[in-house]
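Everything on this sheet refers to the single structure shown next.
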């Protein structure tokens, strides 16, 4: 009978690389930036990656807070009734000018405009950095991975139950940029449009720092794995070759799928126009 | 001989309540809001609180980034050369109008003003929520405390090495509000003054939510401790009485010390004027 950890690991890897789609996340694909570190971790027989996000920018409209008084507190950044994303991306190239075509209203004098009631629905701009969850076979492996991550400055990391290590860092942006008027469905920004360019610049800085930290973590984990078992591991070149081949194959699959989806959407759009 | 954990716990409690000062932190006193939960946790023989912050608002000027090109990345929110706090408080009552008398310049068109170079020094406004570290005697206690915290929505909690549990939640604000011109020593805000009122309102909302979560955590830990040892524990009334007495005594000590410091400062100021 297969060891329970090995069984779980096979299942997770199968789900990741399943023919139905490379990932169960709503986005549908694993962030490309995460693939090398995931593959590195998964080469070790005592670890398996369970979820990851390479970092993202999102703009979120809070849901209705009409019933906040029935609860014991103020709902902050909650989805609730009518909460929705204005924008979300894992690709830094998509960040500049994200606000074009969103019909935003700038320079709203918020404090005077409606007095910022407790049920005001804010629009929140966020940069969230890399987060990685790794299930380990035993406590020793979990502790070692945790220590490696902390040593690279992932200071908000921690071990949960069942030797699941959460690797977290605090390179963030969490900015209230406007308020949502549900009666007109307009987004009123608290500041001038050029502040969104400031946020773009600061987000790109954070994407860059995030990539640097990811690389640092990759190198530290690689070094730590080598220390563990110098003989059992592939050589650097062997691994590089294997990963390149696997990665190319996987990316080709994703590219084909995206192209098919695009063609399907185009067909649906054409059909809608001709009806 | 005393058990190592008990020895460590005695030392930590001694340091906290030492006659030299109730806490080793730069602020000099333990946040009042944290005292009840610290005392609750410390009644349990298998846990001791090692550090805590009940939540705070801070405004920080980044240090000089002159040498950023020598490093591998962009320094973000780093102290560096000349980094300093414009404002910091754990007391929500001090947040409104924190910017008065800081000679801030508003409505700076940042993106056009100097093109946001890589070495631009930003001014960052932050709300940071409750954080609590608890050292546990053994893994079981650590796991149980972790599970309790996660169950209350402290989703960024984790267990570190030596059964140290970090209890963290993500109610945050992390807002670039301006840039610092070192040549003139002026702080240029990216937006109008009324945006700082917006941030005040949002910070007060977060202080409120933070208090609610702290109470929820307190109740859950209390419940969990009762489950552990229904006979060994004090009754709710006994504990309430004891904590009130201890708390009053401690607060009186802190109050007296603050008053003495104030009188001393006044004397020094008077002496400076008369010289």
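Residue numbers (the UniProt record's numbering), protein chains in the order written: chain A, 1 to 275; chain B, 1 to 275.
From the three backbone atoms N, C-alpha and C, an ideal C-beta is built for every residue, glycine too.
Quick caveat: nothing in here was measured; it's all calculated off a predicted structure.
- Below 8 Å, enough C-beta pairs join the region 202 to 222 of chain B and the region 91 to 99 of chain B to call them touching: three or more.
- Looking at the DSSP output, residue 174/A sits in a beta bridge with 126/A and 174/B.
- Residue contact check for residue 191/A against chain B: a CB pair falls below 7 Å.
- Contact check for residue 33/A and residue 54/A: beta-carbon distance about 4 Å, within the 8 Å limit, so the pair qualifies.
- In the same chain as residue 162/A, and ignoring 5 residues on each side of it, the C-beta atoms closer than 8 Å to its own belong to 135, in chain order.
- Under the Cβ criterion (8 Å, minimum of three pairs), the region 187 to 197 of chain B counts as touching the region 187 to 196 of chain A.
- In the structure shown, residue 89/A falls within a strand segment according to DSSP collapsed to helix, strand and coil.
- Distance from the Cα of residue 225/B is smallest, within the candidate group 147/B, 269/B, 116/B and 211/B, for 147/B.
- Against chain B, a Cβ distance below 8 Å from residue 172/A picks out 172 and 174.
- Contact check for residue 214/A against residue 130/A passes: the beta carbons are separated by less than 7 Å.
- The region 79 to 89 of chain B and the region 152 to 169 of chain B do not touch, with fewer than three beta-carbon pairs separated by less than 8 Å.
- Judged by beta-carbon spacing, residue 180/A lies within the 7 Å limit of residue 61/A, meaning their Cβ atoms are closer than that value.
- Within chain A, the residues placing a beta-carbon under 8 Å from that of residue 161/B are 143, 146 and 147, ordered along the chain.
- Looking at 99/B, 139/B, 184/B and 37/B, the one whose alpha-carbon comes closest to that of residue 59/B is 99/B.
- Counting only runs of 4+ residues, the alpha helix (DSSP H) found wholly inside the region 126 to 204 of chain B occupies 139 to 151, in chain order.
- Excluding its 5 nearest sequence neighbours in each direction, residue 2/A has C-beta neighbours in its own chain below 8 Å: 10, listed in chain order.
- Chain order gives the chain B residues near residue 168/A as 156, where near means a beta carbon separation below 7 Å.
- Pairing residue 137/A with residue 46/A gives a Cβ-Cβ distance under 7 Å.
- Under the DSSP assignment, residue 5/B falls in the alpha helix (DSSP H) whose first and last residues are 4 to 16.
- With respect to chain B, the C-beta atom of residue 202/A has a partner C-beta closer than 7 Å.
- Out of 56/B, 104/B and 216/B, the CA that lies nearest to the CA of residue 154/B is found in 216/B.
- Of the residues assessed, residue 157/B falls on the buried side of the cut-off, its CB having 16 or more other CB atoms within 10 angstroms.
- When secondary structure is reduced to three states using DSSP, residue 52/A falls in the strand class.
- Between the alpha carbons of residue 185/A and residue 106/A lies a gap of roughly 14 Å.
- Annotated as proximal: residue 132/B and residue 52/B, with beta-carbon spacing under 7 Å.
- Residues of chain A whose Cβ lies closer than 9 Å to the Cβ of residue 116/B are, in chain order, 197, 198, 201 and 202.
- Scanning 150/B, 102/B and 63/B for the CA closest to the CA of residue 120/B turns up 63/B.
- Boundaries cannot be given for residue 94/B, as no alpha helix (DSSP H) includes it and DSSP labels it neither H nor E.
- Residue 219/A carries a helical assignment under DSSP once its states are collapsed to helix, strand and coil.
- Within 8 Å of the CB of residue 91/A, no CB atom of chain B is found; the nearest one sits about 19 Å away.
- Exposed is the label assigned to residue 182/A, since fewer than 16 other Cβ atoms lie within 10 Å of its Cβ.
- For residue 222/A, none of the residues of chain B pass the 8 Å Cβ criterion, the least Cβ distance being about 17 Å.
- In the displayed model, residue 224/B falls within a helix according to three-state DSSP.
- In this structure, the beta-carbon distance from residue 142/A to residue 159/A falls below 7 Å.
- In this structure, the beta-carbon distance from residue 126/A to residue 91/A does not fall below 7 Å.
- Look at residue 101/A here: in three-state DSSP terms it is coil, with no helix or strand label.
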